[in-house]
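Residue numbers (mature numbering (1 follows the signal peptide of the UniProt record, and there is no 0)): -24 to -1, 1 to 414.
Below is one structure, written out as structure tokens; comments come after it.
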Amino acid sequence: MRKLVTSVLAGIGLTLACGTSVYAQEKSLTIFWAEWDPANYLQELGNEYEKETGVKITVETTPWSDFQTKAFTEFNAHGDAYDLVVGDSQWLGAGSTGGHYVDLTDFFKKHDLGNVMAPATVKYYAEYPGNSGKYWAIPLEGDAVGWSYRKDWFEDPKEKEAFKAKYGYDLDVPKDFKALRDIAEFFHRPDQKRYGIAIYTDNSYDAMAMGFENALFSYGGELGDYTTYKVDGHINSDKAVAALDAYKELYKFTPPGWAKSFFVEDNQAITENLAAMSMNFFAFFPSLINEASNPNAKNTGFFANPPGPNGDQFAALGGQGISVISYSQKQEEAMKFLEWFIKDETQKKWAALGGYTCSQAVLKSPEFQNATPYNKAFYETMFKVKDFWAVPEYAELLQQLNQRVYPYIIGGSGTAKETLDALAGDWNATFKKYGRGQ
């Protein structure tokens, strides 16, 4: 018997040494995300978790261009290659109704996450359907659209004098969309290869939608009623029409060739001395304060999306929540990781690494707000964000928006009213097809 026990133990030891035992396999988790800096930060955080628990965390990434396709291909095959996914907020509908995500409602209530996390991140990263009290993700990477600008251009005494003479008020960080437009016009000098503003225009995924939403929401407009799915009188309202015209007006002051631009190009507008101001998600701002990647780092400032004509101030939400995949064989281990992730001390580490925490306590702390030149603007923004439709058919709705809005903004086709009336018709038909609002 003693010899048999020794032999068994030796076999177990050999198996452990080879790293192929069932135990060793269970003590690991794979998280799927897109390929960008925050995923690298999450891997660093995962390394901390491994040190504390012995559970190996692997953050597997793929380019943004095929992130959604690769994720849902695995989901639809009921594959267990991934244990958790950091999915886009718009995936909540498809992820939950398709049976791909584990219901985290009890976890949410147990840890009072509705009060721990910033309200908008709970509403848009975690809950589906809206106002249902059902949760499918834990807010992980907070993000929204903000602005960077050239402080040295804004603070030049000659520029300030010329601006005030032309517009009648001081050149400063724009206080509203009118000032944003004026400043863009003022600095737009093609003969000097200096331009006013860089905005999102790419129509291949959600760039155009995210860009337009910054004007739409701050002009007091809405995409529609998320409860009834009514879009007439919302997406084609007078406020929405004015917002679309305002966004088209900004396009006049962009650098040449700006008809297919997203986050890479908008950062280049600052690093390559092209534009006075540039729209981008906060997640892409770290490289703008790094002198190795931005020669203008010392002269780059940041501000939150400004209010519209009636004082409304919102921004397009980016960012993601993290969900447990229902086909994972390690759901219990995944839940333990989430319990660790939501702790205050972990959220502080996440923020220190460069991740955008959704924790209210961390966001409100002076330590966080003073940590970088853009953190205060991020804090202000994350309590004033709105998101795109999160229904399972969101991809169709997004494509329809691109097909209608892009030709108007870039090519001047039709009018803003005609564009949004047509979009309302598209969306009505799509919602009818899926039996919504009937």
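Just so you know, even glycine gets a beta-carbon here, dropped at the ideal spot from N, CA and C.
All of these numbers come straight from a predicted model, not from anything done at the bench.
Own chain, CB closer than 6 angstroms to Val(-3), minus 5 neighbours either side, in chain order: As a working note, residue -3 is residue 22 in the sequence shown. Because the pLDDT of Val(-3) is 43, which lies under 50, any placement of that residue in the model is unreliable, and the question is left without a value.
Within 8 angstroms, strictly: CB atoms of Ser5 and Leu60: Locating residue 5 in the sequence shown gives position 29, counting from the first residue. Locating residue 60 in the sequence shown gives position 84, counting from the first residue. At residue 5 the sequence reads Leu, which differs from the Ser that was named. Cβ distance < 8 angstroms, so Leu5 and Leu60 count as in contact.
Complete beta strand (DSSP E) runs within the region 215 to 275 (minimum length 3 residues, chain order): 251 to 257
Cβ-Cβ distance between Thr177 and Lys236 below 8 angstroms: Translated into positions along the sequence shown, residue 177 becomes position 201. Translated into positions along the sequence shown, residue 236 becomes position 260. A contact, by the Cβ cut-off of 8 angstroms.
In DSSP terms, what Ala280 is bridged to: Against the sequence shown, residue 280 aligns to sequence position 304. BP columns for Ala280 point to Gly122.
Pair within 8 angstroms by beta-carbon distance, Phe313 and Ala327: One-based indexing of the sequence shown puts residue 313 at position 337. One-based indexing of the sequence shown puts residue 327 at position 351. In this structure, Ala327 does not lie closer than 8 angstroms to Phe313 by Cβ.
Local conformation of Ser194 per DSSP, three classes: Here residue 194 is taken as the residue at index 218 of the sequence shown, counted from 1. Ser194: helix per DSSP, three-state reduction.
Those residues which DSSP pairs with Val361 across a bridge: If you number the sequence shown from 1, residue 361 lands on position 385. DSSP output for Val361 lists Ala291 as bridge partner(s).
Validate contact between the region 76 to 90 and the region 99 to 114 using beta carbons, cut 8 angstroms, 3 pairs: yes
8 angstroms Cβ cutoff met for Ala47 and Ile159: Counting from one through the sequence shown, the residue named residue 47 turns up at place 71. Counting from one through the sequence shown, the residue named residue 159 turns up at place 183. No, the pair does not count as a contact, with Cβ atoms beyond the cut-off.
Rounded C-alpha distance that separates Trp316 from Ser299: The count along the sequence shown starts at 1 and reaches residue 316 at position 340. The count along the sequence shown starts at 1 and reaches residue 299 at position 323. Cα-Cα distance, rounded: 14 angstroms.
Alpha-carbon to alpha-carbon, Thr230 and Asp201: Position 225 of the sequence shown, counted from the start, is the residue given in the question as residue 201. Position 254 of the sequence shown, counted from the start, is the residue given in the question as residue 230. Asp201 and Thr230: Cα-Cα distance of roughly 33 angstroms.
Beta-carbon contacts of Lys3 that lie in its chain and below 7 angstroms, excluding the five residues immediately before and after: Walking along the sequence shown from the start, residue 3 turns up at place 27. Counting only Cβ-Cβ distances below 7 angstroms, and skipping sequence neighbours, we find Gly30, Val31, Lys32.
Coarse secondary structure for Gln345, derived from DSSP in three states: The residue you call residue 345 lines up with position 369 of the sequence shown. Three-state result, Gln345: helix.
Burial state of Gln305, where buried means 16 or more other Cβ atoms lie within 10 Å: Here residue 305 corresponds to residue number 329 of the sequence shown, with the count starting at 1. Counting Cβ neighbours within 10 Å, Gln305 comes out exposed, since fewer than 16 surround it.
Span of the beta strand (DSSP E) around Val62: Sequence index remark: in the sequence shown, residue 62 carries index 86 (1-based). Residues 60 to 64.
Same chain, Cβ closer than 7 angstroms to Leu339, neighbours up to 5 away in sequence not counted: One-based indexing of the sequence shown puts residue 339 at position 363. If we look at Leu339 and ignore the five residues flanking it on each side, its Cβ neighbours are Ala94, Thr333, Tyr355, Met358.
Residue of Leu21, Tyr384, Gly401 minimising C-alpha distance to Phe188: The sequence position of residue 188 within the sequence shown is 212, counting from 1. Among Leu21, Tyr384, Gly401, the Cα nearest to that of Phe188 is on Tyr384.
For Gly172 and Ala280, believed in contact at Cβ under 8 angstroms, the rounded distance: The residue you call residue 280 lines up with position 304 of the sequence shown. The residue you call residue 172 lines up with position 196 of the sequence shown. About 19 angstroms; that fails the 8 angstroms criterion.
Under 8 angstroms between C-beta atoms of Ala218 and Tyr181: As a first step, residue 218 must be located in the sequence shown, where it is residue number 242. As a first step, residue 181 must be located in the sequence shown, where it is residue number 205. No, the pair does not count as a contact, with Cβ atoms beyond the cut-off.
Of the listed residues Thr322, Val149, Thr348, nearest to Tyr25 (C-alpha basis): Against the sequence shown, residue 25 aligns to sequence position 49. Ranking the options by Cα distance to Tyr25, first place goes to Thr322.
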